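Visitor: Supplied in structure tokens, the structure appears directly below.
Residue numbers (the working numbering): 1 to 503.
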């Protein structure tokens, strides 16, 4: 299979799945079979693309020119391949989980739900494989628009309000800031292509002030990265069903945001220009503040999904922090945080959904004693929590190690302190949940009864167990992952070596 055909197939397959879901909407089993089979084929295609990249090929595809200088083009590089693997792989798990959740909770409009999910994955694939800022921006907006109906899925006033905040914030930041940055970059560089070493680093007359303004526009224009103060859309999106929360907070939406920040840092600015841009220090400070403040807010939340939402805000800022460290270790830590956080956080959200389907409970304070009735769910929650905290042998420890190394390399002593404080706060707001669930109820009270016979559906229990295991397995796979990412995260050294000069 050629690289061009593999890219085109990976892009079009989610749309074909969407059409298949619509055609089979009157047969739920067949409809969901289309989703599962299609998601599995997509993951297989992305693996083929990643293997071609690992073997030295550089798959790319140019479709058509929308206007002079604006070409829909796709090119695979390590960061994009990683994001595509995360999105397509976890879509399979989340699809199994969605079947159990949507049926167990008797949700309405399930066909629309699965169709929007497929279109969202189409947007994620486009973001991951984009060869230039124009293509990335278009698919970034596709992802926003396709997930709006998912956030508003329940249709009540609360869901509609949360969806409006979601849409207005993400469209407002992308059109008000990101689009301006994209146009300005095109004017300055005469191109919007992602270039190893940084597109703007080749602009000789780029002033420090303009570079600083551009970096600010990119950082805050990518609202999906949830940097404060543009983070509030994320907690408000918690009105969505739990499979949607898993999509928003672990798989596609927020990962598209931090992926964009990291890709712009490496391929638009480049390590050298980033280090010379003064606003980098400000954005790094904002990321560190976001990590600590969001973690403190998470501690105050009794609602489980709200606590996990603010945890996500904090954990996403790790990626922005690594990007702004502007060195190889920082870039590597940021890149590894994408799959590490995805596996851990999707597990936590799926556990929250399993608890809700089984008992109807949403508040942590009501879950005392529930762990004895749902042991597998809370074991998976405990394992994922340890990964988020960064405790070996779970994958969440590797990004923090690389970020600390990057901070030491950049001589920024306050960043390791922030990371240590963050880990302590992670312990404070995550571990009490499974511990409380194992404690007996107070007095003669009994744990909350199951609202459905047999408790949580099997698929809503099995799925988080699989992703919790993934947190463990990825810890031992960090070597191959790092080697795969090295051409992107260590781009200066690789470029210099290819030129035949000493690094």
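Even glycine gets a Cβ: it sits at the ideal position worked out from N, Cα and C. Since this is a predicted model, take the numbers as computed values, not measurements.
Would residue 225 and residue 261 be called neighbours here (beta carbons separated by less than 7 Å)?
Guide: For the purposes of this step, residue 225 is taken as the residue at position 225 of the chain shown. For the purposes of this step, residue 261 is taken as the residue at position 261 of the chain shown. In this structure, residue 261 lies closer than 7 Å to residue 225 by Cβ.
Visitor: DSSP three-state label for residue 275, please.
Guide: Counting from one through the chain shown, the residue named residue 275 turns up at place 275. If DSSP states are grouped into helix, strand and coil, residue 275 belongs with the helices.
Visitor: How big is the Cα-Cα spacing for residue 57 and residue 45?
Guide: The residue given as residue 57 occupies position 57 in the chain shown. The residue given as residue 45 occupies position 45 in the chain shown. Straight-line Cα distance between these residues: approximately 15 Å.
Visitor: Find out if the Cβ-Cβ distance for the pair residue 349, residue 437 is shorter than 7 Å.
Guide: Against the chain shown, residue 349 aligns to sequence position 349. Against the chain shown, residue 437 aligns to sequence position 437. Not in contact: residue 349 and residue 437 (Cβ atoms no closer than 7 Å).
Visitor: Just curious, the beta strand (DSSP E) that residue 192 is in, first and last residue?
Guide: The count along the chain shown starts at 1 and reaches residue 192 at position 192. It is not in any beta strand (DSSP E) - residue 192 carries neither H nor E in the DSSP assignment.
Visitor: Could you tell me how far apart the beta carbons of residue 354 and residue 460 are, in whole angstroms, since I believe they sit closer than 8 Å?
Guide: Looking up residue 354 in the chain shown gives position 354. Looking up residue 460 in the chain shown gives position 460. Contact between residue 354 and residue 460 holds: their C-beta atoms lie close to 4 Å from each other, under 8 Å.
Visitor: Measuring alpha carbon to alpha carbon, tell me which residue in 255, 59, 100 is nearest residue 519.
Guide: The chain is shown only over 1 to 503; residue 519 falls outside these bounds and no answer can be derived.
Visitor: On the CB-based measure, 16 or more other CB atoms within 10 Å of its CB, does residue 15 come out buried or exposed?
Guide: For this step, residue 15 is matched to residue 15 along the chain shown. Classification of residue 15: exposed, given that the 10 Å Cβ count is below 16.
Visitor: Measuring straight from C-alpha to C-alpha, what distance separates residue 492 and residue 274?
Guide: As a working mapping, residue 492 is identified with position 492 in the chain shown. As a working mapping, residue 274 is identified with position 274 in the chain shown. Residue confidence is low: residue 492 scores 39 on pLDDT, short of 50, so the model does not pin down where it sits. No coordinate-derived value is stated.
Visitor: Starting from the Cα of residue 85, find the closest Cα among 124, 310, 390 and give me that residue.
Guide: Here the question's residue 85 lines up with position 85 in the chain shown. In terms of CA proximity to residue 85, 124 leads the group 124, 310, 390.
Visitor: Is the separation between the beta-carbon of residue 151 and that of residue 237 shorter than 7 Å?
Guide: Numbered from 1 along the chain shown, position 151 holds the residue referred to as residue 151. Numbered from 1 along the chain shown, position 237 holds the residue referred to as residue 237. Cβ atoms of residue 151 and residue 237: closer than 7 Å.
Visitor: Would DSSP call residue 152 helix, strand or coil?
Guide: Taking the first residue of the chain shown as 1, we reach residue 152 at position 152. Here residue 152 sits in coil by DSSP.
Visitor: Can you name the residues that DSSP bridges to residue 118?
Guide: Translated into the one-based positions of the chain shown, residue 118 becomes position 118. Note: residue 118 sits in no beta bridge, so no partner.
Visitor: Hey, quick one: how far does the alpha helix (DSSP H) through residue 230 stretch, first residue to last?
Guide: Numbered from its first residue, the chain shown carries residue 230 at position 230. Looking at the DSSP string, residue 230 is not in any alpha helix (DSSP H), and its letter there is neither H nor E.
Visitor: Which same chain residues, not among the five before or five after residue 458, have their C-beta less than 7 Å away from its C-beta?
Guide: The count along the chain shown starts at 1 and reaches residue 458 at position 458. Result list for residue 458: 100, in chain order.
Visitor: If contacts are defined as beta-carbon pairs under 8 Å, then residue 220 and residue 173 qualify, I think. What distance do you get, rounded to the angstrom?
Guide: Stepping through the chain shown from its first residue, residue 220 is reached at position 220. Stepping through the chain shown from its first residue, residue 173 is reached at position 173. Rounded, the Cβ-Cβ distance is 6 Å, consistent with contact.
Visitor: Out of curiosity, what's the CA-to-CA distance linking residue 542 and residue 440?
Guide: The structure shown does not extend to residue 542, since the chain is modelled only from 1 through 503, so no value can be given for it.
Visitor: Buried or exposed: residue 402, going by 16 or more other Cβ atoms within 10 Å of its Cβ?
Guide: Stepping through the chain shown from its first residue, residue 402 is reached at position 402. Buried, since its Cβ has 16 or more Cβ neighbours within 10 Å.
Visitor: Taking C-alpha atoms, which residue in 339, 431, 410, 301 lies nearest to residue 477?
Guide: As a first step, residue 477 is located in the chain shown; it is residue number 477 there, counting from the start. Cα-wise, what sits closest to residue 477 is 339.
Visitor: Can you tell me where the beta strand (DSSP E) holding residue 71 begins and where it ends?
Guide: Reading the chain shown from its first residue, position 71 is the one you call residue 71. Taken as a continuous stretch (DSSP letters only), the beta strand (DSSP E) holding residue 71 covers 70–75.
Visitor: Where residue 484 and residue 106 are concerned, what is the direct C-alpha to C-alpha distance, given to the nearest angstrom?
Guide: In the chain shown, the residue the question calls residue 484 occupies position 484. In the chain shown, the residue the question calls residue 106 occupies position 106. Cα to Cα, residue 484 sits roughly 42 Å from residue 106.
Visitor: With distance defined between alpha-carbon atoms, name the residue in 201, 289, 239 nearest to residue 164.
Guide: As a first step, residue 164 is located in the chain shown; it is residue number 164 there, counting from the start. Looking at the Cα atoms, 239 is the closest of the given residues.
Visitor: I'd like to confirm the pairing. Which residues does DSSP put opposite residue 65 in its beta bridges?
Guide: For the purposes of this step, residue 65 is taken as the residue at position 65 of the chain shown. The partner list for residue 65 (beta bridge, DSSP) reads 71.
Visitor: Alpha carbon to alpha carbon, what distance is there between residue 425 and residue 298?
Guide: Sequence index remark: in the chain shown, residue 298 carries index 298 (1-based). Sequence index remark: in the chain shown, residue 425 carries index 425 (1-based). Taking the straight line from one Cα to the other gives about 9 Å.
Visitor: Work out the CA separation of residue 141 and residue 171 for me, nearest whole Å.
Guide: Taking the first residue of the chain shown as 1, we reach residue 171 at position 171. Taking the first residue of the chain shown as 1, we reach residue 141 at position 141. C-alpha of residue 171 to C-alpha of residue 141: approximately 8 Å in a straight line.
Visitor: Output the boundary residues of the alpha helix (DSSP H) element that contains residue 386.
Guide: Position 386 of the chain shown holds residue 386. Its alpha helix (DSSP H) spans residues 375–389.
Visitor: Checking 7 Å against the spacing of the C-beta atoms, do residue 416 and residue 306 come in under that value?
Guide: Within the chain shown, numbered from 1, the residue matching residue 416 stands at position 416. Within the chain shown, numbered from 1, the residue matching residue 306 stands at position 306. No.
Visitor: For residue 132, which three-state DSSP category applies?
Guide: By one-based count along the chain shown, residue 132 stands at place 132. Reduced to three states, the DSSP call for residue 132 is strand.
Visitor: If I measure Cβ to Cβ from residue 43 and keep anything under 7 Å in the same chain, skipping five residues before and after, which residues do I get?
Guide: Mapped onto the chain shown, residue 43 falls at position 43. Taken in chain order, the residues that qualify are 88, 89, 92.
Visitor: What does the alpha-carbon distance come out to for the pair residue 282 and residue 452?
Guide: Numbered from 1 along the chain shown, position 282 holds the residue referred to as residue 282. Numbered from 1 along the chain shown, position 452 holds the residue referred to as residue 452. Straight-line Cα distance between these residues: approximately 51 Å.
Visitor: Would you mind giving the Cβ-Cβ distance between residue 286 and residue 227, rounded to the nearest angstrom? I have them listed as a contact below 8 Å.
Guide: Locating residue 286 in the chain shown gives position 286, counting from the first residue. Locating residue 227 in the chain shown gives position 227, counting from the first residue. At roughly 6 Å, the Cβ-Cβ gap stays under 8 Å, so residue 286 and residue 227 are in contact.
Visitor: Applying the 10 Å Cβ sphere with the 16-neighbour rule, what's the burial state of residue 187?
Guide: Within the chain shown, the letter at position 187 stands for residue 187. So residue 187 ends up on the exposed side.
Visitor: Is residue 105 helix, strand or coil by DSSP?
Guide: Along the chain shown, one-based indexing puts residue 105 at 105. The answer is coil: DSSP assigns residue 105 none of H, G, I, E or B.
Visitor: Which residues in the same chain as residue 8 place their Cβ atom closer than 7 Å to its Cβ, once the five residues preceding and following it in sequence are excluded?
Guide: Here residue 8 refers to the residue found at position 8 of the chain shown. Once the five neighbours on either side are set aside, the close Cβ partners of residue 8 are 61.
Visitor: Let me check one thing: in DSSP terms, what residues is residue 363 bridge-paired to?
Guide: Position 363 of the chain shown, counted from the start, is the residue given in the question as residue 363. 303, per the DSSP bridge assignment.
Visitor: According to the Cβ coordinates, are residue 344 and residue 387 closer than 7 Å?
Guide: In the chain shown, the residue the question calls residue 344 occupies position 344. In the chain shown, the residue the question calls residue 387 occupies position 387. The answer is yes: Cβ separation under 7 Å.
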